[in-house]
Structure formats: C-alpha cells, structure tokens
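Quick notes on the structure that follows.
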Amino acid sequence: MCSHLPECPPAEAPDHDAAKVLASFPEQGWSLLCNGVIVFDDTGELLPDGRSVAPCRGPAPHVTRPTLAAA
451 MCSHLPECPP
461 AEAPDHDAAK
471 VLASFPEQGW
481 SLLCNGVIVF
491 DDTGELLPDG
501 RSVAPCRGPA
511 PHVTRPTLAA
521 A
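521 is the number that the working numbering gives the last residue of the sequence shown; the numbers go up by one with no jumps.
As structure tokens, then:
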C-alpha cells in the first residue's frame with residue numbers, strides 16, 4: 451500500500467503510527483495514514499482490520515504529583 455521510500459511501517463508493526471499522513475481532517479479530529487491506520491486527535495487509533503487502540507493519556511499537565519515523605 452505504501453509507495454514511500456523507505457517504506458512506512460505496516461499497520462501491524464509496533465511503530466505503525468510513524469507512517470506518513472495521506473489525508474488530514476483536523477476539523478473532524480482524524481487523519482488517515484498510508485498504512486490504513488486512522489489516528490484521532492485524542493491519540494486513539496483505528497486499525498485497518500477494525501480493531502481499536504485506546505487513547506494514550508498521561509496525567510494532566512496542571513496536576514502535580516504528591517511527593518513521599520523521606521523515611
């Protein structure tokens with residue numbers, strides 16, 4: 451499916467989100483990669499075989515983590 455050189459990673463590869471963007475729809479919040487993966491602005495993904503990848507979210511930047519008291 452990919453015509454780039456070097457070829458983009460396939461949808462099954464761990465680094466599949468490194469593929470080039472074929473179509474971007476920022477107003478709708480998603481982009482289509484050349485390996486058939488659809489990536490969403492919330493970091494979720496839809497793979498070509500219909501499986502979904504949950505969004506990868508860390509703590510909010512404004513949240514501070516409590517520190518443990520020294521023993």
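Ideal Cβ positions, reconstructed from N, Cα and C, are used throughout, including at glycine.
Backbone CA spacing between A469 and G486 [nearest angstrom]: In the sequence shown, counting from the first residue as 1, residue 469 sits at position 19. In the sequence shown, counting from the first residue as 1, residue 486 sits at position 36. Going by the C-alpha atoms only, they are around 9 angstroms apart.
H466, buried or exposed, once every other Cβ within 10 Å from all chains shown has been counted against 16: Translated into the one-based positions of the sequence shown, residue 466 becomes position 16. When all chains shown are included, H466 counts as buried.
First and last residue of the uninterrupted beta strand (DSSP E) at L483: Taking the first residue of the sequence shown as position 1, residue 483 is located at position 33. Start and end: 480–483.
Rounded distance between the beta-carbons of D492 and P505, thought under 8 angstroms: Numbered from 1 along the sequence shown, position 55 holds the residue referred to as residue 505. Numbered from 1 along the sequence shown, position 42 holds the residue referred to as residue 492. With 8 angstroms as the limit, P505 and D492 qualify as a contact, their Cβ atoms being about 5 angstroms apart.
For A468, the three-state DSSP class (helix, strand or coil): Reading the sequence shown from its first residue, position 18 is the one you call residue 468. In this structure, A468 counts as helix in the three-state DSSP scheme.
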